[in-house]
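What follows is a short report on a single structure.
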DNA sequence: AGAGTCATGTAACGCGTTACATGATTGT
DNA sequence: ACAATCATGTAACGCGTTACATGACTCT
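Chains as they are written, first to last, in my numbering: chain L, 533 to 711; chain P, 533 to 711.
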């Protein structure tokens with residue numbers, strides 16, 4: 533499921549511009565996917581060529597024409613096919629954890645700083661989810677996805693708080709051994 | 533932190549061949565990073581050119597020469613620099629969750645099947661971690677990383693078990709409304 | 001005054017996956 | 001017999017990021 537296919541999926545839900553699709557990525561998918569304009573706009577152009585989506589341009593003053601995309605029946609079929617394929621393994625890439633692996637090459641204050649920043653980020657995410665979870669009118673699916681993010685962030689926060697000593701103590705021991 | 537830099541980091545811990553580096557990715561980093569030979573071997577070649585690592589070839593019979601890489605002082609400095617940069621945001625890409633977003637386009641049995649498979653995968657991961665967590669002689673850092681994976685897998689399992697109804701019920705309701 | 005929102009795009013570039021190529025040895 | 005382990009690599013290709021280009025309107 534590349535960005536292209538995901539854009540197509542979003543267009544099964546409603547007509548949208550590239551700009552609006554980006555917002556769906558930010559609002560609903562941000563915890564487990566991201567996409568930049570540099571990938572969204574070319575994706576839309578290509579799918580238009582392929583006949584999977586159609587585009588109506590709306591003139592605006594002082595801004596580029598607004599291009600409202602809608603899915604075609606060929607596009608809808610293509611997306612249904614994509615939903616029948618088995619999802620591939622998650623791709624995760626965490627530089628934070630990769631750095632933790634080398635904690636014995638860092639001074640303790642650096643390790644602590646990294647973990648503190650990470651926790652701050654997690655708490656910020658959680659706060660943000662909390663504020664938008666209250667809103668009624670949120671579809672169940674979006675609730676499910678947001679709740680998923682929430683559960684993961686909480687689990688990570690709890691784990692870090694309880695286990696940071698494993699990397700922080702390790703650094704102290706390596707330094708002690710070096711003396 | 534690209535694959536190249538991570539290979540360099542692994543070589544701060546011990547000399548290794550490309551093949552062995554791949555195993556470190558599989559054993560210690562698999563929960564939040566992955567790398568294929570197609571990225572590891574070119575990375576090693578390039579870092580050799582750059583003078584960050586050095587290579588000793590060992591002849592073998594019936595197999596390609598074993599190339600044992602070791603980090604140079606220039607390489608060690610480069611890696612220390614990398615550890616001072618602030619880690620970039622995690623990159624996550626979950627096709628499973630992306631598909632869940634479109635649960636109302638799938639028949640209930642398909643949704644249930646996807647979730648069941650996902651749970652099976654999570655349980656398999658957890659089982660695997662359980663078996664290798666017992667081993668003494670596992671460094672604290674590796675414990676920390678494995679424990680991290682464990683905590684995440686458990687959190688996801690629990691979340692899915694408790695909240696799958698949100699996507700499964702949604703599908704039923706959409707279908708009911710369509711009747 | 002400055003940040004943020006709306007709105008589209010292109011071009012270069014790097015990164016990494018995938019598939020291919022080779023082939024002996026060891027374990028089930 | 002068959003799969004897995006050991007061991008290295010290349011080439012094509014796609015995907016996506018990043019930076020750049022443009023510019024008005026609105027909120028603080």
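All residues carry an ideal CB built from backbone N, CA and C; glycine is no exception. Since we're looking at a predicted model, the values are computed, not measured.
Kindly indicate if chain P contains any beta-carbon less than 9 Å away from that of residue i.
{"i": "residue 577 of chain L", "result": "no"}
{"i": "residue 544 of chain L", "result": "yes"}
{"i": "residue 565 of chain L", "result": "yes"}
{"i": "residue 662 of chain L", "result": "no"}
{"i": "residue 538 of chain L", "result": "yes"}
{"i": "residue 561 of chain L", "result": "yes"}
{"i": "residue 606 of chain L", "result": "no"}
{"i": "residue 581 of chain L", "result": "no"}
Tell me whether residue i sits in a helix, a strand or coil according to DSSP, three-state version.
{"i": "residue 623 of chain P", "result": "strand"}
{"i": "residue 590 of chain L", "result": "strand"}
{"i": "residue 630 of chain P", "result": "helix"}
{"i": "residue 687 of chain P", "result": "helix"}
{"i": "residue 566 of chain L", "result": "coil"}
{"i": "residue 667 of chain P", "result": "coil"}
{"i": "residue 654 of chain P", "result": "helix"}
{"i": "residue 659 of chain P", "result": "helix"}
{"i": "residue 638 of chain P", "result": "coil"}
{"i": "residue 574 of chain P", "result": "helix"}
{"i": "residue 560 of chain P", "result": "helix"}
{"i": "residue 595 of chain L", "result": "coil"}
{"i": "residue 648 of chain L", "result": "helix"}
{"i": "residue 534 of chain P", "result": "coil"}
Under 9 Å, Cβ to Cβ, is there at least one residue of chain L near residue i?
{"i": "residue 616 of chain P", "result": "yes"}
{"i": "residue 680 of chain P", "result": "yes"}
{"i": "residue 646 of chain P", "result": "yes"}
{"i": "residue 622 of chain P", "result": "yes"}
{"i": "residue 638 of chain P", "result": "yes"}
{"i": "residue 690 of chain P", "result": "yes"}
{"i": "residue 595 of chain P", "result": "no"}
{"i": "residue 498 of chain P", "result": "Outside the shown range of chain P, which is 533 to 711, sits residue 498 of chain P, and nothing can be said about it."}
{"i": "residue 522 of chain P", "result": "The structure shown does not extend to residue 522 of chain P, since chain P spans only 533 to 711, so no value can be given for it."}
{"i": "residue 652 of chain P", "result": "no"}
{"i": "residue 612 of chain P", "result": "yes"}
{"i": "residue 667 of chain P", "result": "no"}
{"i": "residue 552 of chain P", "result": "no"}
{"i": "residue 701 of chain P", "result": "yes"}
{"i": "residue 649 of chain P", "result": "yes"}
Applying a beta-carbon distance threshold of less than 9 Å, which residues of chain P neighbour residue i?
{"i": "residue 675 of chain L", "result": "695 and 698"}
{"i": "residue 541 of chain L", "result": "630, 631, 633, 634 and 637"}
{"i": "residue 548 of chain L", "result": "The premise fails here: residue 548 of chain L is roughly 14 Å from chain P at the closest Cβ pair, so nothing lies under 9 Å."}
Show which residues of chain L have a CB atom less than 7 Å away from the CB atom of residue i.
{"i": "residue 635 of chain P", "result": "673"}
Just grab the DSSP bridge partners of residue i for me.
{"i": "residue 553 of chain P", "result": "In DSSP, residue 553 of chain P forms no bridge with anything."}
{"i": "residue 602 of chain L", "result": "L:586"}
{"i": "residue 548 of chain P", "result": "P:601"}
Which chain P residues sit within Cβ distance under 8 Å of residue i?
{"i": "residue 558 of chain L", "result": "Under the 8 Å cutoff, chain P gives no residues; its nearest Cβ is about 13 Å from residue 558 of chain L."}
Find the residues of chain P that neighbour residue i, judging by a C-beta separation of less than 7 Å, and give them in chain order.
{"i": "residue 627 of chain L", "result": "533, 619 and 620"}
{"i": "residue 687 of chain L", "result": "683, 684 and 687"}
Give a single yes or no on whether residue i has its beta carbon closer than 8 Å to a heavy atom of the ligand FAD.
{"i": "residue 598 of chain P", "result": "As presented, the structure is devoid of all ligands, the ligand FAD included, so that no description of it is given."}
How about the stretch 679-687 of chain P and the stretch 663-670 of chain L: do they share at least three Cβ pairs that are nearer than 8 Å? no
Check whether the stretch 559-571 of chain L and the stretch 623-636 of chain P touch, using three or more Cβ-Cβ pairs below 8 Å as the test. Because the criterion of three Cβ pairs below 8 Å is met, the stretch 559-571 of chain L and the stretch 623-636 of chain P touch.
Contact the stretch 578-598 of chain P vs the stretch 649-657 of chain P: 3+ CB pairs below 8 Å: no
With a cut-off of 8 Å, do at least 3 Cβ pairs link the stretch 617-632 of chain P to the stretch 617-625 of chain L? yes
Is it the case that the stretch 536-547 of chain P contacts the stretch 682-702 of chain L, given that we only count it when at least three CB pairs across the two stretches are under 8 Å? no
So, does the stretch 544-556 of chain L touch the stretch 594-602 of chain L, judging by three or more C-beta pairs under 8 Å? yes
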